[in-house]
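See below for the structure under consideration.
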Amino acid sequence: MKHFWRSEIDRLLLVFLAIIIIGLLTKLWIVAILLPAGVYIGWNIYQQFRLNQWIKGGMQTDQAPDGGGLWSTLVTHLHRREVSDRKREQSLRDLVEQYNTILAVFPDAAVVLNNVGEIDWANERAAELLGIKRDLDSGSKLTSLLRAPDLIAYLNDPDQITEFKHQSPLDDKQTLAFRTIGFGDGQSMLTARDVSEEVSMNEMRKNFMANASHELRTPLTVISGYLEILEAAPELDSPLLPPVVSAMSQASRMAHIIDDLLTLSRLEKTTADEDSSVVIDMQAMLENMVKDISRTIADNTHSIDMEIDPLLDLFGVELEVTGIASNLLKNAVKYTPAGSTIIVRWSLNEQQQACLSVIDNGDGIAQEHLPHLTERFYRVDPGRSRDKGGTGLGLAIIKHIIERHGGHLEISSIEGEGSTFTAVFPQNRAIIEQFVPLESTSGTVN
Ligand code: ADP
3 MKHFWRSEID
13 RLLLVFLAII
23 IIGLLTKLWI
33 VAILLPAGVY
43 IGWNIYQQFR
53 LNQWIKGGMQ
63 TDQAPDGGGL
73 WSTLVTHLHR
83 REVSDRKREQ
93 SLRDLVEQYN
103 TILAVFPDAA
113 VVLNNVGEID
123 WANERAAELL
133 GIKRDLDSGS
143 KLTSLLRAPD
153 LIAYLNDPDQ
163 ITEFKHQSPL
173 DDKQTLAFRT
183 IGFGDGQSML
193 TARDVSEEVS
203 MNEMRKNFMA
213 NASHELRTPL
223 TVISGYLEIL
233 EAAPELDSPL
243 LPPVVSAMSQ
253 ASRMAHIIDD
263 LLTLSRLEKT
273 TADEDSSVVI
283 DMQAMLENMV
293 KDISRTIADN
303 THSIDMEIDP
313 LLDLFGVELE
323 VTGIASNLLK
333 NAVKYTPAGS
343 TIIVRWSLNE
353 QQQACLSVID
363 NGDGIAQEHL
373 PHLTERFYRV
383 DPGRSRDKGG
393 TGLGLAIIKH
403 IIERHGGHLE
413 ISSIEGEGST
423 FTAVFPQNRA
433 IIEQFVPLES
443 TSGTVN
């Protein structure tokens, strides 16, 4: 720093000296001032010109102008800045290159969108799976290329966190799992992966279950019929009666399992049917159900309390919702000891979702079992479940039904304190009746 000021001051002193000498020799002081000052200014303009040429020429190191003093310092600073910019640019270019290479070999389609949903970039797989070509479609709106309304609704929803399965826009027989990930300032990346094989395997499994259950049903009905005839036959030797009765009970258990498997297959094959949904008077339905169960399986063994919001109804498939309530309540009776108390609660939660809870103060369930309870044939205590006539499919069916209604099942339990099973239905299925004061319905107010 000091160095360049020194040489700048030296230069000015030189100009001053030239002025004095020329002035003393010629006595023409104006000429003596203008001449050295003009040379100094001209020289500086020339340095500016060289600097400008050098900048324009890409600041090559070997062509850097050396004007000394302030000019050299300026050149050095500019050169240093240029080198560091070049380095940064190169590392950014390497990064983009790396990113492009990774996404290019990525087995899934990847499309990068800007903050207004226009395509910025797409890998080659995007052309194969979605028909989106980077060169042709850059700058186009994604939603103008993928036109399926439900897919567009998914893409437009910023809160989506799960995958969305949909047919490929290029091939009806191909199923893709879409996912969007937001990043930066409103940008996002859409990925799509081919799940056709997974979907068709799942379909095969479902068909196999449905067909096998269906095929088993008819012979089982015939066997049960013959067993009933045998049991009632007067010629049957009394030692043979117990095995026949036991065979009948096993046949009936099998029939229950087959019925449950058929129910599950039906639920899996169909989607929640808005058309068959009605406004269910939950208070009336739950009161009837609790009355029935209190008189039958819970007679003199359990006390069942109700905490019902009388103004809250549910828009759902009545038979299915009744099935949820009765299965949860029957489970609470089956798996808690005599003397236990069960609460059936129907109310809105903080998020205004309609919740049907069955709460018991039985033995509870160990935490490690909770995530598995809705798996098919999962039982905490298989022997006990069979003794109680359980098929191990009840909660799997309940979960399916709740999900068909757009809701989910929550299970919590503390060993030694009891369990809570809650069917949570979405806000749009909760119907809140208007409270009408008695005076206004009577018509006459005195
Ligand atoms: P199951 O036909 O065996 O009753 P579910 O699918 O209905 O089948 O229930 C799965 C398992 O969850 C049951 O076998 C039981 O061990 C456990 N379970 C369900 N409800 C309760 C409850 N209220 N308290 C304790 N355990 C329960």
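Offset between the sequence shown (1-based) and the working numbering: plus 2.
Don't be surprised by glycine CBs; every beta carbon is placed ideally from N, CA and C.
What are the complete beta strand (DSSP E) segments, minimum 3 residues, inside the segment 332 to 367?
Listed in chain order, they are 343 to 350 and 356 to 362.
Under the DSSP definition of a beta bridge, which residues are partnered with I403?
Its beta-bridge partners do not exist; DSSP assigns none.
Hey, how far is the Cα of V280 from the Cα of V247?
Straight through space, the alpha carbons of V247 and V280 are spaced by roughly 43 Å.
Where do the ends of the beta strand (DSSP E) carrying T424 lie?
Going by DSSP, T424 is part of the beta strand (DSSP E) stretching over G420 to F427.
With three or more beta-carbon pairs closer than 8 Å as the criterion, would you say the segment 416 to 434 touches the segment 364 to 375?
Yes: at least three Cβ pairs fall under 8 Å.
Is F210 helix, strand or coil by DSSP?
In the displayed model, F210 falls within a helix according to three-state DSSP.
For T343, which residues of its own chain have a beta-carbon under 6 Å away from its beta-carbon, when the five flanking residues on both sides are left out?
Listed in chain order, the non-local C-beta contacts of T343 below 6 Å within the same chain comprise S305 and N363, local neighbours out to five positions each way being set aside.
Any non-hydrogen atom of the ligand ADP closer than 7 Å to L138 Cβ:
No, the beta carbon of L138 sits no closer than 7 Å to any heavy atom of the ligand ADP.
C-beta atoms of L131 and A194 nearer than 8 Å
Contact: yes.
Chain-order list of residues whose beta-carbon lies under 8 Å from that of S442 (same chain, five-residue window excluded)
Note that S442 scores 45 on pLDDT, short of 50, meaning its location in the model is unreliable; the coordinates nonetheless yield the value given after this. Taking C-beta separations shorter than 8 Å and ignoring five residues to either side along the sequence, S442 has no partners in its chain.
Bridge partner(s) assigned by DSSP for F166:
According to DSSP, which records beta bridges pairwise, F166 is partnered with F180.
Where E412 falls: helix, strand or coil (DSSP)
Note: E412 maps to strand in three-state DSSP.
Considering only their Cβ atoms, is the gap separating V323 from L316 smaller than 8 Å?
With respect to the 8 Å criterion, L316 and V323 are classified as neighbours on the basis of their beta carbons.
Per-residue burial, L19 [other beta carbons within 10 Å of its own, 16 or more giving buried]
The residue is exposed, with fewer than 16 neighbouring Cβ atoms inside 10 Å.
Can you tell me the Cβ-Cβ gap for F180 and E200, rounded? I've got them flagged as a contact below 8 Å.
Contact between F180 and E200 is ruled out by a C-beta separation of about 14 Å, above the 8 Å threshold.
If you follow the alpha helix (DSSP H) that S51 is part of, which residue opens it and which one closes it?
The residue you asked about is not Ser; residue 51 is Phe in the sequence shown. For F51, the enclosing alpha helix (DSSP H) starts and ends at W31 to K58.
Does I11 pass the burial test, meaning 16 or more other C-beta atoms within 10 Å, or should it be called exposed?
Exposed is the call here.
So I345 packs on E289, CB below 8 Å; how close in whole Å?
Not really, about 14 Å apart at Cβ, beyond 8 Å.
Per DSSP, the bridge partner or partners of D307:
Paired residue(s): I345.
Please find out if some non-hydrogen atom of the ligand ADP comes closer than 7 Å to the beta-carbon of G396.
Yes, Cβ of G396 sits closer than 7 Å to a heavy atom of the ligand ADP.
Stretch-stretch touch, CB-based, cutoff 8 Å, three pairs: the segment 71 to 82 with the segment 139 to 156:
With a cut-off of 8 Å, the segment 139 to 156 and the segment 71 to 82 do not count as touching, because too few Cβ pairs lie within range.
Is the segment 84 to 91 in contact with the segment 26 to 44, if contact means three or more CB pairs nearer than 8 Å?
Three or more Cβ pairs closer than 8 Å define a contact, and the segment 84 to 91 falls short of that threshold against the segment 26 to 44.
Can you look up K175 in the DSSP assignment and give me helix, strand or coil?
Three-state DSSP puts K175 in coil, outside helix and strand.
Verify the contact flag: S414, CB atom, against every heavy atom of the ligand ADP, threshold strictly below 7 Å.
Outside the cutoff, so no.
Please classify L456: is it buried, with 16 or more other beta-carbons within 10 angstroms of its beta-carbon, or exposed?
With the chain running from 3 to 448 in the structure shown, residue 456 is simply not present.
Taking 8 Å as the CB-CB limit, is V335 close to chain C?
No chain C appears in this structure, which consists of one protein chain only.
Outcome for V107 when other beta-carbon atoms lying within 10 angstroms are tallied against a minimum of 16
Exposed, by the Cβ-count rule.
For D161, the residue or residues it bridges with in DSSP:
In DSSP, D161 forms no bridge with anything.
Looking only at its chain, what residues have a beta carbon closer than 8 Å to the beta carbon of N209, apart from the 5 residues adjacent to it on each side?
The answer is none, since no qualifying residue turns up.
Minimum C-alpha distance to H402 - residue among A425, G385 and P384
Of the candidates A425, G385 and P384, the one whose C-alpha sits nearest the C-alpha of H402 is A425.
Leaving out the 5 sequence neighbours to the left and right, which residues in its chain are closer than 7 Å to Q162 when beta-carbon positions are compared?
The answer, listed in chain order, is Y156 and T182.
Going by DSSP, what residue range makes up the beta strand (DSSP E) through L148?
First-last for L148: undefined, no H or E at that position.
Compute the Euclidean distance between the alpha carbons of T223 and A212, then round it to the nearest angstrom.
Straight through space, the alpha carbons of A212 and T223 are spaced by roughly 17 Å.
Y337: buried (16+ other C-beta within 10 angstroms of its C-beta) or exposed?
Classification of Y337: buried, given that the 10 Å Cβ count is 16 or more.
Does any heavy atom of the ligand ADP sit closer than 7 Å to the C-beta of R406?
Answer for R406: no, Cβ out of range of the ligand ADP.
Using 8 Å as the threshold, is the C-beta distance between D110 and R127 below it?
Inclusion of D110 and R127 in the CB contact set at 8 Å is warranted, their separation being smaller than that value.
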